[in-house]
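The opening position of the sequence shown corresponds to residue 513 in this note's numbering, with each subsequent residue numbered one higher. A virtual CB, placed ideally from N, CA and C, is assigned to each residue, including glycine. What follows is a single structure, written as structure tokens, with notes after it.
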Amino acid sequence: MLDPSDLAPADEALLSLLREGRITAPYAAAETGYNLQYVRDRLTRLVEHGNVEKVHEGLYELVEDPRE
């Protein structure tokens, strides 16, 4: 799990979206204004650290928000 100090601004934005429900990378990119590939990279990192789960191809959900 990541610590709050490990989070980039993009991670914060993605976690806020994930608190509202499941997301896809294209949706997150459109909502945050970040580049799609960068969003995919950040989501992959959040999955690798166990904060987010990839529940289906391209669909992500929050497991644990490290800001709490």
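Which residues in the same chain as residue i place their Cβ atom closer than 7 Å to its Cβ, once the five residues preceding and following it in sequence are excluded?
i    : result
H561 : M513, L514
A537 : L548, V551, R552, L555, G570
A604 : Any answer about residue 604 is impossible in this case: the structure gives the chain only from 513 up to 580.
For the ligand FMN, I want to know if residue i counts as a neighbour, meaning its beta carbon is within less than 7 Å of at least one of the ligand's heavy atoms.
i    : result
S517 : This structure simply doesn't include the ligand FMN, nor any ligand for that matter.
At which residues does the alpha helix (DSSP H) containing residue i begin and terminate?
i    : result
G550 : Sequence check: residue 550 is Tyr here, not Gly. That run of the alpha helix (DSSP H) goes 548 to 560.
S517 : Unbroken run through S517: none, as it is neither H nor E.
Which residues in the same chain have their Cβ closer than 6 Å to the Cβ of residue i, if we skip the five residues on either side of it in sequence?
i    : result
L527 : D577
Among residues of its own chain, excluding the 5 on either side of residue i, which ones have a beta-carbon nearer than 8 Å to its beta-carbon?
i    : result
R579 : P516, L519, E524, L527
Just to confirm the assignment, what range does the beta strand (DSSP E) spanning residue i have?
i    : result
E573 : 571 to 574
E565 : 564 to 568
Buried or exposed for residue i, going by 16 or more other Cβ atoms inside 10 Å?
i    : result
V567 : exposed
A542 : exposed
With which residues is residue i paired in a DSSP beta bridge?
i    : result
T536 : L571
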